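In the working numbering, each residue carries its 1-based index in the sequence shown increased by 13. Ideal placement from N, C-alpha and C gives every residue a C-beta, glycine not left out. Predicted model only: the values in this text are computed from it and were never measured.
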Amino acid sequence: MVQPVIVMKFGGSSLATPERIRHVAQRIARRRKDGYDVIAVVSAQGDTTDELLERLRAVAPNPPAREVDMLLATGEQQSAALIAASLSALGIDAISLTGWQAGIATDGNHRRARIHTVTPHSVRRALSAGRVAVVAGFQGISGEFEVTTLGRGGSDLTAVALAASLGAGCEIYSDVAGVYTADPRIVPDARVLQEISYDEMMELAAMGAQVLQGRAVEYAWHHGVPIRALSTFDDSPGTLVREGSTMERVQAVTGVALDRHVSRVLCESVPDRAGTAAAIFGGLAEAGVNVDVIVQSPSREDRTDIAFTVSDEDAQAAFEITKSLLQRLGAEGATLDPNVAKVSVVGAGMLSRPGVASRAFRAIADAGVNIIAISTSEIKISCLVRRDGAEASARALHAAFDLALESNPS
Ligand code: ADP
Ligand code: ASP
Ligand code: MG
Numbered sequence: 014m015v016q017p018v019i020v021m022k023f024g025g026s027s028l029a030t031p032e033r034i035r036h037v038a039q040r041i042a043r044r045r046k047d048g049y050d051v052i053a054v055v056s057a058q059g060d061t062t063d064e065l066l067e068r069l070r071a072v073a074p075n076p077p078a079r080e081v082d083m084l085l086a087t088g089e090q091q092s093a094a095l096i097a098a099s100l101s102a103l104g105i106d107a108i109s110l111t112g113w114q115a116g117i118a119t120d121g122n123h124r125r126a127r128i129h130t131v132t133p134h135s136v137r138r139a140l141s142a143g144r145v146a147v148v149a150g151f152q153g154i155s156g157e158f159e160v161t162t163l164g165r166g167g168s169d170l171t172a173v174a175l176a177a178s179l180g181a182g183c184e185i186y187s188d189v190a191g192v193y194t195a196d197p198r199i200v201p202d203a204r205v206l207q208e209i210s211y212d213e214m215m216e217l218a219a220m221g222a223q224v225l226q227g228r229a230v231e232y233a234w235h236h237g238v239p240i241r242a243l244s245t246f247d248d249s250p251g252t253l254v255r256e257g258s259t260m261e262r263v264q265a266v267t268g269v270a271l272d273r274h275v276s277r278v279l280c281e282s283v284p285d286r287a288g289t290a291a292a293i294f295g296g297l298a299e300a301g302v303n304v305d306v307i308v309q310s311p312s313r314e315d316r317t318d319i320a321f322t323v324s325d326e327d328a329q330a331a332f333e334i335t336k337s338l339l340q341r342l343g344a345e346g347a348t349l350d351p352n353v354a355k356v357s358v359v360g361a362g363m364l365s366r367p368g369v370a371s372r373a374f375r376a377i378a379d380a381g382v383n384i385i386a387i388s389t390s391e392i393k394i395s396c397l398v399r400r401d402g403a404e405a406s407a408r409a410l411h412a413a414f415d416l417a418l419e420s421n422p423s
């Protein structure tokens with residue numbers, strides 16, 4: 014008899030303690046009893062990834078990316094073995110697999126490798142032998158047999174890629190009950206969404222809602238894999254991420270996102286001539302730095318200021334690169350401001366509604382917070398603010414668009 018196949022992915026906080034490991038094993042066991050073949054994808058326990066990074070920085074301030082990946086990949090491998098052993102203790106046949114063993118092949122770009130093929134022979138073999146396959150998330154293997162990792166939150170991507178390859182369902186379990194209208198830890202009256210479209214979820218994730226990794230959502234969209242985001246700790250239905258309905262949206266805004274981990278680089282008194290921006294952002298792109306909100310000030314006496322934001326993780330590298338580029342361009346210099354944050358409203362419904370931006374700016378102003386810079390796309394409006402005003406801004410936006418209400422009128 015052919016059984017349905019399901020990928021169940023468990024995040025770090027769901028695996029943080031021996032009790033939680035046993036709890037997750039029991040959830041997997043329950044799914045088996047319900048008649049599913051299960052592939053479990055696991056993250057490193059608790060804050061293991063951050064702790065490993067700290068241990069590395071304590072011995073090498075600027076560790077080679079290859080060694081970062083070698084070290085970080087061990088976190089997920091520990092979880093996989095622990096879950097497989099815990100399942101065995103429940104009398105369930107299970108086998109742990111590294112990303113390599115599970116057939117996750119990537120390019121050689123350490124720390125942010127892209128998956129190019131998935132050939133999950135050993136996963137299939139495990140399933141046909143009646144076993145649970147427990148796969149270490151977040152990791153793959155390059156063409157040169159180098160261990161790679163898939164970017165922070167990358168276990169979500171492992172889960173989606175395996176589900177796509179095996180034609181399986183995809184469930185992502187975390188410590189919250191699904192995708193909310195805002196981070197429930199910051200906005201207490203945030204509400205679980207029953208459904209959200211891929212494009213909105215991608216935008217929310219890119220703007221800082223870490224509940225699902227943006228790249229995982231992009232992969233799911235591309236391969237037509239619906240994702241269900243669920244809680245490890247209760248049986249509520251969670252949120253379904255899938256192709257959006259083409260019907261008119263009821264509301265302009267679907268959710269609010271907050272990213273506290275951004276820094277702002279200010280390039281001062283840059284010569285205002287053709288090719289300057291291309292030189293700065295070309296140099297940053299070559300170094301693999303993702304740049305976000307970019308603002309160029311009006312020029313004065315053939316000079317201009319250019320400011321942009323990067324993630325905190327990339328900030329120091331971006332700053333060093335920018336300084337050396339600016340020296341060559343004959344600019345005054347650069348400053349780095351780590352004390353900023355980005356708050357965003359996201360919603361496919363804003364496409365057809367004027368006035369969303371002004372409402373958002375009014376809400377932030379009424380919270381007494383100054384907006385440093387603004388960036389928009391068709392379905393999002395982001396504002397850069399001081400970090401100490403970020404949470405108040407998120408709460409103000411959530412209230413201004415009535416997101417706590419089931420059918421908000423906005
Ligand atoms: P995991 O460790 O399981 O991968 P993450 O920590 O990556 O889980 O993601 C879950 C966290 O995401 C939640 O604890 C919550 O604080 C945060 N979060 C941010 N925005 C949202 C949102 N819109 N909906 C739900 N959770 C969110
Ligand atoms: N452990 C990795 C991280 O912390 C991957 C993941 O949790 O998905 O980013
Ligand atoms: Mg995560």
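In the three-state scheme derived from DSSP, where H, G and I count as helix and E and B as strand, GLY180 is classed as coil. Taken from the Cβ of GLY59, every heavy atom of the ligand MG lies 6 angstroms or farther away. According to DSSP, ASP50 shares a beta bridge with VAL18. With respect to the 7 angstroms criterion, SER406 and VAL382 are classified as neighbours on the basis of their beta carbons. Under a 10 Å Cβ-count criterion, GLN58 is classified as buried, with 16 or more other Cβ atoms of the shown protein chains found around its own Cβ.
With contact defined as three or more Cβ pairs closer than 8 angstroms, the segment 293-310 and the segment 327-347 are in contact. Of the heavy atoms belonging to the ligand ASP, at least one sits nearer than 6 angstroms to the Cβ of ARG165. Relative to the Cα of LEU397, the nearest Cα in the group GLU256, SER276 and LEU85 belongs to SER276. With a cutoff of 7 angstroms on beta-carbon distance, LEU410 and VAL359 are scored as not near each other. Annotation: MET83 to ARG366 spans about 49 angstroms, alpha carbon to alpha carbon. Between the segment 74-89 and the segment 127-140 there are fewer than three C-beta pairs closer than 8 angstroms, too few to call the two in contact. Taking C-alpha positions only, GLY221 is separated from ASP272 by approximately 4 angstroms.
Listed in chain order, the alpha helix (DSSP H) runs fully inside the segment 274-336 are 289-299, counting runs of at least 4 residues. Sequence-distant partners of ALA174 (beyond 5 residues in either direction) whose C-beta falls short of 7 angstroms from its own C-beta, in its chain, are ILE117, ILE128, VAL131 and TYR232. In this structure, DSSP gives ASP202 a state outside helix and strand, which the three-state scheme calls coil. Of the heavy atoms belonging to the ligand MG, none sits nearer than 6 angstroms to the Cβ of GLY143. Per DSSP, ARG228 is one residue of the alpha helix (DSSP H) stretching across 227-236. Collapsing the DSSP output to three states places SER99 in a helix. Cα atoms of ASP318 and ALA330: separation of roughly 20 angstroms, rounded to the nearest angstrom.
Around the beta-carbon of HIS123, 16 or more other beta-carbon atoms lie within 10 Å, marking it buried. At the C-beta level, ILE41 and VAL20 stay beyond 7 angstroms of one another. Distances from the CB of VAL224 to the heavy atoms of the ligand ADP include at least one below 6 angstroms.
Take the alpha-carbon of ARG165 and the one of PHE151: they are about 8 angstroms apart. Counting along the chain, ARG399 sits inside the beta strand (DSSP E) bounded by residues 393-399. For ARG255, the enclosing beta strand (DSSP E) begins and ends at 252-255. In this structure, the C-beta of SER276 stays at least 6 angstroms away from each heavy atom of the ligand ADP. In the structure shown, the three-state DSSP call for SER135 is helix.
The three-state secondary structure of SER210, taken from DSSP, is strand. Note that the C-beta distance between VAL55 and SER92 is below 7 angstroms. Rounded to the nearest angstrom, the gap between the Cα atoms of ILE240 and GLU256 is 10 angstroms.
Rounded to the nearest whole angstrom, the C-alpha separation of HIS274 and VAL304 is 13 angstroms. PHE321 sits buried, since 16 or more C-beta atoms from the chains shown fall within 10 Å of its C-beta. For THR267, no alpha helix (DSSP H) run applies, since DSSP gives it neither H nor E. With a threshold of 6 angstroms, the Cβ atom of GLY288 does not count as near the ligand MG, since no heavy atom of the ligand is closer than that. LEU100 and ALA146 have their C-alpha atoms roughly 11 angstroms apart. Shown here for ALA203: same chain residues with a beta carbon closer than 6 angstroms to its own, the five before and five after excluded, namely TYR193, THR194, ALA195 and PRO197 in chain order.
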